[in-house]
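Heads up, the thing below is written out as structure tokens.
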Amino acid sequence: MNIFYQAANKLQYWQELYSALESGRLPASVTGLSAVHKAHVLLMMSLGRKVLALCDDEAGASRLVSDINEMAGSEIACLFPVKDLTFANIETASQEYEQRRIASLERISLGKSRVLVASIEACMQSTMPPDKLSDLTFTLRPGDSAELSELASRLVSMGYTRSAMTEGPAQFSIRGSIFDVFPVGESMPYRIELWGDDIDTVSTFDVESQRRFDTVKSVTIPPAKELLISKEELLENLEALSNRASGKKK
1 MNIFYQAANK LQYWQELYSA LESGRLPASV TGLSAVHKAH VLLMMSLGRK VLALCDDEAG
61 ASRLVSDINE MAGSEIACLF PVKDLTFANI ETASQEYEQR RIASLERISL GKSRVLVASI
121 EACMQSTMPP DKLSDLTFTL RPGDSAELSE LASRLVSMGY TRSAMTEGPA QFSIRGSIFD
181 VFPVGESMPY RIELWGDDID TVSTFDVESQ RRFDTVKSVT IPPAKELLIS KEELLENLEA
241 LSNRASGKKK
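Heads up: the sequence shown runs through residues 1 to 250, numbered per the UniProt record's numbering.
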């Protein structure tokens, strides 16, 4: 990373762009860059700030994410994919793309990534507001109090599905005092073991064997869907719709 930083500081166009960014003299334009130079500039721009990079299409966005992360040596950039729209039965529709969108927003929100790369089409699709994403996301740690029925209700309201066994993202299961959950954006599920109403341990586990792996300090659980409507919001919207239909104003 230091090599790229030192190389960029010697370039006049970067010095001018950096000066414009720091002083707020925007918009600023840089033209004629190759793909690798675009990745270099975005990587440098992300030092100390979060960056949204727009691309013509999904393929270009995926390549840019790959270029930035290869240059950085870590997942500095993440893809905000196009939502997979379907008119089939909602129960059979894949939630993969929606979960990937939520996972990317969470990474940016928590500072795990600094560059969010998206196609114009992806940005045109509605998503969850940042404040609502922050409000719904929560973290569980050993020593925290957790009542299983309340925890289950909370996850269901966040778009998670209760199942007999946790095998995929956005699923959770309860067996006695053991609570398993596969948070959206994670590569493996987590097992939360309780002692009474207090969390004793939090650990990862293998989906196939269901054997526990490493104990961890905490697990953060984001919502599983972009569109979540509470009972209060639903009633308010129904009332507004009814008033509109009858010609009344609230």
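Don't be surprised by glycine CBs; every beta carbon is placed ideally from N, CA and C.
Three-state secondary structure (DSSP) of residue i
| i | result |
| --- | --- |
| residue 63 | helix |
| residue 237 | helix |
| residue 164 | coil |
| residue 141 | coil |
| residue 26 | coil |
| residue 192 | strand |
For residue j and residue i, the rounded distance between their alpha carbons
| i | j | result |
| --- | --- | --- |
| residue 107 | residue 42 | 17 Å |
| residue 171 | residue 38 | 38 Å |
| residue 114 | residue 78 | 8 Å |
| residue 100 | residue 116 | 12 Å |
| residue 40 | residue 7 | 10 Å |
| residue 151 | residue 199 | 12 Å |
| residue 47 | residue 19 | 14 Å |
| residue 51 | residue 246 | 46 Å |
| residue 157 | residue 230 | 8 Å |
| residue 10 | residue 103 | 36 Å |
| residue 121 | residue 61 | 11 Å |
| residue 141 | residue 67 | 35 Å |
| residue 161 | residue 75 | 28 Å |
Per-residue burial, residue i [other beta carbons within 10 Å of its own, 16 or more giving buried]
| i | result |
| --- | --- |
| residue 137 | buried |
| residue 126 | exposed |
| residue 175 | exposed |
| residue 201 | exposed |
| residue 45 | buried |
| residue 308 | Absent from the model: residue 308. The displayed extent of the chain is 1 to 250, so no value can be given. |
| residue 34 | exposed |
| residue 92 | The pLDDT assigned to residue 92 is 44, lower than 50, so where the model puts this residue is not dependable; a value taken from the coordinates is nonetheless given after this. The residue in question, residue 92, is exposed, as its Cβ has fewer than 16 Cβ neighbours within 10 Å. |
Segment limits, beta strand (DSSP E) that includes residue i
| i | result |
| --- | --- |
| residue 173 | 171-175 |
| residue 207 | Looking at the DSSP string, residue 207 is not in any beta strand (DSSP E), and its letter there is neither H nor E. |
| residue 16 | First-last for residue 16: 12-23, but that is the alpha helix (DSSP H), not the beta strand (DSSP E). |
| residue 151 | Counting along the chain, residue 151 falls outside any beta strand (DSSP E), though it belongs to the alpha helix (DSSP H) covering 148-157. |
| residue 229 | It is not in any beta strand (DSSP E) - residue 229 carries neither H nor E in the DSSP assignment. |
Endpoints, the alpha helix (DSSP H) within which residue i is located
| i | result |
| --- | --- |
| residue 184 | Per DSSP, residue 184 belongs to no alpha helix (DSSP H) and is neither H nor E. |
message: Going residue by residue through the region 87-137, where are the continuous alpha helix (DSSP H) segments of at least 4 residues, counting only ones entirely within it?
response: Taken in chain order, the complete alpha helix (DSSP H) segments of 4 residues or longer contained in the region 87-137 are 96-110, 120-124, 130-136.
field: Any beta strand (DSSP E) of 3 or more consecutive residues that is wholly inside the region 31-84
entry: 51-55, 77-80
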